[in-house]
Amino acid sequence: MVNSIIYFYLLLKGAIVAFKRQKAIIKEEICMSIVSLARFQFAMTTVFHFFFVPFSIGTALAVAIMETTYVVTKKKEYLRMAKFWGNIFLLTFAVGVVTGIIQEFQFGMNWSDYSRFMGDIFGAPLAIEALLAFFMESTFLGLWMFTWEKVGPKLHVTFIWLVTFASMISALWILTANSFMQHPTGYAIKNGHAVMTSFSALLKNPQLWYEFGHVISGTIVTGGIIIAGLAAFQLLSKTAKETHFYKKSLRLGLLLALIGSVLVIFAGDQQMKYLINEQPMKFAATEGLYNTTGKHASWAVIDWSNEKEHKNDFSLDIPDMLSILAYGRTSGAVKGMNEVNAQLEKKYGKQNNYYPPVNALFWSFRVMAGFGALMLLVSALGLFLTRKKKPILYEHRWMLWIIGLCTFAPFLANTAGWLVTELGRYPWTVYGLFTIPESVSPNVSVGSLLTSNIVYFLLFTFLAATMISLVRVVLKKGPGYEEQQAEKDRRADKVDPFDKEAFE
Ligand code: HEM
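The following block contains the structure:
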């Protein structure tokens with residue numbers, strides 16, 4: 001009898017321990033799911049929003065250049081170009097604003113602890129962005145849209161330059177906040193919150209100027225390639241009209257893309273060199289490097305990592321190349337993730353996992369740089385093959401197809417770029433100060449996150465479909481549509497409303 005009581009007691013105790021353990025595991029799994037779902041939502045909204053940011057800044061710049069060329073040369077074709085591509089720019093601007101609002105909303109919903117921690121730092125740049133840059137952008141955009149016939153050409157072109165300038169300044173303020181998260185400067189920690197101690201230090205953050213240079217040159221290549229690509233698709237159309245217009249647009253787009261890709265590669269190279277010392281873990285992960293190299297570091301063209309065991313399963317290396325890329329000479333060691341991890345554990349403690357998602361970083365970096373190289377090559381070759389003396393490109397449909405398909409390249413490169421920047425900061429939201437799990441809102445649930453993820457996904461699909469169909473409408477109407485409408489309106493004005501003709 002006593003034995004059975006003891007047996008029953010032990011069984012009950014075992015069951016309670018197992019239940020508590022299971023409860024803890026489930027709780028941990030729910031926390032993990034909340035963090036993963038919130039991160040997925042952040043990635044989805046950021047990537048979708050950033051489809052439109054470089055698209056609109058890049059096309060605004062292209063339109064400003066087209067209109068300026070008209071003002072200088074008085075050639076009507078540039079005015080037509082500015083009006084036509086200006087319509088595409090207006091569409092990207094509108095969708096960009098909507099996606100930006102969703103981005104802010106998900107911040108407040110999923111990352112409230114982060115917002116509390118960072119509010120004092122984030123507040124100033126974001127308020128300046130909204131009050132000065134965005135208001136300036138919207139005001140001058142309105143003036144630009146509605147005053148074609150009402151003000152002189154010089155004043156009118158000033159409006160679009162102010163829009164372009166304001167959109168770049170807007171990007172600067174957003175990047176100021178992002179750069180703080182990558183490399184905190186000018187702050188103090190008070191009562192568990194980051195408090196700004198120096199606004200100028202925030203602006204002097206070297207990370208900001210590397211990011212700004214890289215992002216803005218990325219917008220130039222984005223705008224250029226998209227205009228060239230869409231013009232190529234128009235030239236490929238079996239019922240192609242206005243071929244002279246699209247050939248001119250294609251060349252201007254390619255020229256911008258060439259300038260932009262040279263700048264973006266140069267800026268990216270500088271940023272990469274800066275990372276070697278600033279965020280060595282991110283840099284080592286983009287190279288799939290676990291062990292510190294010897295004096296001559298080889299570069300992995302392709303690589304697959306076993307992230308659990310912290311080793312490379314497979315890699316194809318070029319000797320000395322990483323030393324050349326990192327230091328511009330054939331010798332120079334590069335720190336591997338294992339060594340950096342030991343340093344980070346010593347500095348911040350062993351409670352965090354400091355290894356970022358290595359395969360995602362390695363391949364994102366190659367996608368970004370690969371598309372950068374492709375856009376440089378295509379724009380340089382394209383310009384050469386469309387030169388006035390021997391424009392042979394238009395005779396080969398497959399060449400036009402390549403340029404057309406390149407329309408998608410900047411979207412992929414920009415997305416891959418943000419993946420490198422944001423995933424590489426793991427496990428921090430604010431480098432060295434605040435981790436990802438600490439940042440998530442305490443009151444969001446798996447259910448609410450799943451619902452909002454599905455809602456956002458459907459909304460983005462709808463916005464993307466609307467955007468694509470509206471761009472197609474603008475392309476289908478062609479550059480002559482507005483002139484025909486204006487001519488119709490003029491004729492209609494002349495018709496006597498009481499005349500029989502008015503009803504025909
Ligand atoms: C060889 C070419 C390129 C190199 C070496 C390069 C290098 C880099 C590096 C190192 C980063 C991460 C910076 C950080 O985390 O602080 C980055 C981010 C980024 N890249 Fe690139 N990149 C190249 C091409 C491109 C191209 C062609 C585009 C787009 C048109 C692009 C767009 C971006 C964007 C949007 C980011 C995130 C913002 C930022 O951190 O600057 N990159 N790039």
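The numbering of the sequence shown is the UniProt record's numbering, which starts it at 1 and goes up by one.
The beta carbon of each residue, even a glycine, is placed where N, CA and C say it ideally should be.
Remember, it's a predicted structure, so these values are computed and weren't measured experimentally.
Check: Whole-angstrom Cβ separation of TYR456 and ILE34, contact assumed at under 8 Å?
Finding: Actually they do not touch by this definition, with Cβ atoms about 16 Å apart.
Notebook entry, point to check: Using the beta-carbon count (16 or more within 10 Å), is PRO442 buried or exposed?
Noted result: exposed
Notebook entry, point to check: Cα separation between HIS183 and SER200?
Noted result: 14 Å
Notebook entry, point to check: What does a CB cutoff of less than 6 Å around GLU307 pick up in its chain, not counting 5 residues either side in sequence?
Noted result: VAL358
Notebook entry, point to check: Heavy atom of the ligand HEM less than 7 Å from the Cβ of TRP418, yes or no?
Noted result: yes
Checklist line | 8 Å Cβ cutoff met for ALA300 and ALA326 | finding: no
Item checked: ALA188, enclosing beta strand (DSSP E) - first and last residue -> 187 to 190
Next item on the list: Report the three-state DSSP secondary structure of GLY142 (helix, strand or coil).
Entry: helix
Margin query: Between the alpha carbons of ALA360 and LEU11, how many angstroms are there, rounded?
Written below: 47 Å
Check: beta strand (DSSP E) containing ILE302: first to last residue?
Finding: 299 to 306
Item checked: Buried or exposed (CB count within 10 angstroms, at least 16 for buried), ILE225 -> buried
Item checked: Classification of GLY192 by the beta-carbon crowding that lies within 10 angstroms, buried from 16 upward -> exposed
Next item on the list: Assign ALA240 to one of three DSSP states: helix, strand, or coil.
Entry: coil
Next item on the list: Could you tell me the distance, in whole angstroms, from the CA atom of ARG397 to the CA atom of ALA465?
Entry: 27 Å
Next item on the list: State the CB to CB distance for the pair ILE160 and ALA60, rounded to an integer number of angstroms; the pair is presumed to be in contact (CB under 8 Å).
Entry: 7 Å
Checklist line | Continuous alpha helix (DSSP H) stretch holding THR466: start and end | finding: 446 to 477
Next item on the list: Measure from the C-beta of LYS13 to each C-beta in chain D and report whether the shortest distance is under 8 Å.
Entry: Looking for chain D here will not work: only one protein chain is present.
Next item on the list: Pick helix, strand or coil for SER56, following the three-state DSSP scheme.
Entry: helix
Check: Which residues share a DSSP beta bridge with LYS311?
Finding: ASN306
Margin query: To the nearest angstrom, how far is the alpha carbon of ASP489 from that of VAL63?
Written below: 26 Å
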